[in-house]
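Undergrad:
Residue numbers (this note's numbering): 4 to 284.
(1) By how many angstroms is the C-alpha of residue 76 removed from the C-alpha of residue 49?
(2) Enumerate, from N- to C-terminal direction, the unbroken beta strand (DSSP E) stretches of 3 or more residues contained entirely within the region 236 to 270.
(3) Between 69, 42, 192 and 132, which lies nearest to residue 84 when the distance is taken from Cα to Cα?
(4) Buried or exposed: where does residue 81 fall if 16 or more other Cβ atoms within 10 Å of its Cβ makes it buried?
(5) Evaluate residue 182 with the Cβ neighbour count: other Cβ atoms within 10 Å of its Cβ, from every protein chain shown; 16 or more gives buried, anything less gives exposed.
(6) Residue 92 by DSSP, collapsed to three states: which one?
(7) Mind checking if residue 244 is an interface residue toward chain D, Cβ cutoff 8 Å exclusive?
(8) Below 8 Å on the Cβ atoms is my contact criterion, and I expect residue 279 with residue 150 to pass it. Report the Cβ-Cβ distance as a whole number of Å.
(9) What are the uninterrupted segments assigned as beta strand (DSSP E) that are 3 or more residues long and contained completely in the region 198 to 237, given in chain order?
(10) For the region 58 to 66 and the region 258 to 275, state whether three or more C-beta atom pairs, one from each stretch, are separated by less than 8 Å.
(11) Within 10 Å of its beta-carbon, does residue 142 have 16 or more other beta-carbons around it, so buried, or fewer, so exposed?
(12) Pick from 110, 136, 111 and 98: whose alpha carbon is nearest that of residue 128?
(13) Applying the criterion that 16 or more other CB atoms from any shown protein chain within 10 Å of the CB defines a buried residue, is residue 123 buried or exposed?
(14) Does the region 216 to 231 come close enough to the region 157 to 174 to have 3 or more Cβ pairs within less than 8 Å?
(15) Out of 47, 196 and 144, which one is the CA nearest neighbour of residue 156?
(16) Please classify residue 194: does DSSP put it in a helix, a strand, or coil?
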């Protein structure tokens, strides 16, 4: 096993993540400024698309990290049968869940059932198209709805907090199905699809946009069935407090992935990722 992957197994993943999360949530003006300005310099963060600029514009490092976009910076496609990327980042993998298995990296796969934590839901998604999008630290870290849908349920799944990068994807078996994650089950015109938010090392929280939603870290598996929660395409759904990964899974024949959507491609919120089956009604 790669030395970095071995180290991941030995680190106190949750303890380290929660400790650093406290620093990220601090409103101490000196600490906040050091963290924000240091991060901007280290990752060459371009603030021209975002609300706020200097450390003084944000209550904490977390507020800076989940900074909102300026209006109009992520336009949606004109066609309403196009699903869009839920996040800014890079496509880690995209394809079809053949036999209910998703490609994680060359030579490694994991099952839809393990990822979503629900055998019946997984059966609906088996053999359907999927896309895995990795959010690097410098990326915009809010997650948006790929297409119009209502929220059927959420499933909070506790787990490990391995870092998500090319090394761990290649060397940690079932990485995305082992890390803490929030599974959103969404109902669209073509049927139900999944949006899975995967936690990672130093991710202090996954925050959702609707009231009384789940709050990580998750202590035990918990299914919730909110009512009246719906999203238009491009609406904000959640935010990562530090980086991670989003997996979108569609049922078979409901969507065709956009040509050229493959590993290594950079995407942004609003980038077409699939053409959807039109509502027959």
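The beta carbon of each residue, even a glycine, is placed where N, CA and C say it ideally should be.
TA: Checking against the coordinates, here is how it stands:
(1) 13 Å
(2) 239 to 244, 247 to 252 and 258 to 260
(3) 192
(4) exposed
(5) buried
(6) strand
(7) Looking for chain D here will not work: only one protein chain is present.
(8) 6 Å
(9) 208 to 211 and 225 to 227
(10) no
(11) buried
(12) 98
(13) exposed
(14) yes
(15) 196
(16) strand
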